[in-house]
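S.K.: Just dropping this structure here.
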Amino acid sequence: MPKKIDPMDKIKVQCPCGGATEKITTEWKGIPVRGWKCVKCGEEILHPLDAEKAMIIAMAIKNKELSVKIRKVGKSLTMTIPSKLVKYAELQEGTIANWGINSKKELVVEIVG
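0 is the number of the first residue of the sequence shown in numbering that gives the first Met the number 0; add one for each residue after it.
Next up, the structure:
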């Protein structure tokens with residue numbers, strides 16, 4: 000699947016202080032977002048599309064909408080991915096993901112394609 004082109008990627012953003020900005024990836028409430036950082040004053044400006052997605056995920060976390068039950072299917076255990084995460088990560092059927100383990104209580108899923 001070809002990567003979507005975001006018109007915001009081509010926009011040069013100028014800080015309110017008048018300084019130039021450079022593209023960055025930062026976090027808002029633990030959620031990665033793209034943005035720009037002023038080289039003059041250090042102000043960070045979030046990418047509007049990423050900020051909107053991050054707000055949706057943050058609200059879903061707050062409202063416990065991302066909790067899922069582990070179910071048994073055959074001899075394996077499975078979890079469903081909540082629709083808000085599907086939309087946020089732009090997942091679709093057939094997407095490949097790798098599991099990782101940080102600890103017994105923290106599993107990591109990496110989307111690879």
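Just so you know, even glycine gets a beta-carbon here, dropped at the ideal spot from N, CA and C.
Look at Lys63 and Lys86 and say whether their C-beta atoms are less than 9 Å apart.
M.R.: As a first step, residue 63 is located in the sequence shown; it is residue number 64 there, counting from the start. As a first step, residue 86 is located in the sequence shown; it is residue number 87 there, counting from the start. Going by C-beta atoms, Lys63 is not nearer than 9 Å to Lys86.
S.K.: Is it buried or exposed for Leu56, if we count other Cβ within 10 angstroms and need 16 for buried?
M.R.: Taking the sequence shown and counting its residues from 1, one reaches residue 56 at position 57. In the sequence on display, residue 56 carries Ile and not Leu. When all chains shown are included, Ile56 counts as buried.
S.K.: Is the beta carbon of Thr20 closer than 9 Å to that of Lys11?
M.R.: Numbered from 1 along the sequence shown, position 12 holds the residue referred to as residue 11. Numbered from 1 along the sequence shown, position 21 holds the residue referred to as residue 20. The answer is yes: Cβ separation under 9 Å.
S.K.: Please look up how many angstroms separate the CB atoms of Glu109 and Gly99, rounded, as I've assumed it's under 8 Å.
M.R.: Counting from one through the sequence shown, the residue named residue 109 turns up at place 110. Counting from one through the sequence shown, the residue named residue 99 turns up at place 100. Indeed, because the Cβ distance is near 6 Å, the residues count as touching under 8 Å.
S.K.: What beta strand (DSSP E) runs, 3 residues minimum, are completely inside the stretch 35-72?
M.R.: Entirely contained in the stretch 35-72, the beta strand (DSSP E) runs reaching 3 residues are, in chain order, 43-45, 70-72.
S.K.: Where Val38 and Pro47 are concerned, what is the direct C-alpha to C-alpha distance, given to the nearest angstrom?
M.R.: As a working note, residue 38 is residue 39 in the sequence shown. As a working note, residue 47 is residue 48 in the sequence shown. Straight-line Cα distance between these residues: approximately 20 Å.
S.K.: How many angstroms separate the CA atom of Ile60 from the CA atom of Leu76?
M.R.: Within the sequence shown, the letter at position 61 stands for residue 60. Within the sequence shown, the letter at position 77 stands for residue 76. The straight-line gap from Cα to Cα measures roughly 23 Å.
S.K.: Just the C-alpha distance for Gly17 and Val32, rounded to the nearest angstrom, thanks.
M.R.: The sequence position of residue 17 within the sequence shown is 18, counting from 1. The sequence position of residue 32 within the sequence shown is 33, counting from 1. The straight-line gap from Cα to Cα measures roughly 23 Å.
S.K.: Just list the residues that DSSP pairs Ile23 with in beta bridges.
M.R.: Within the sequence shown, numbered from 1, the residue matching residue 23 stands at position 24. Answer is Gly34, bridged to Ile23.
S.K.: Measuring alpha carbon to alpha carbon, tell me which of Ser66, Trp27, Lys71 ends up nearest Pro81.
M.R.: Numbered from its first residue, the sequence shown carries residue 81 at position 82. The candidate whose alpha carbon is nearest that of Pro81 is Ser66.
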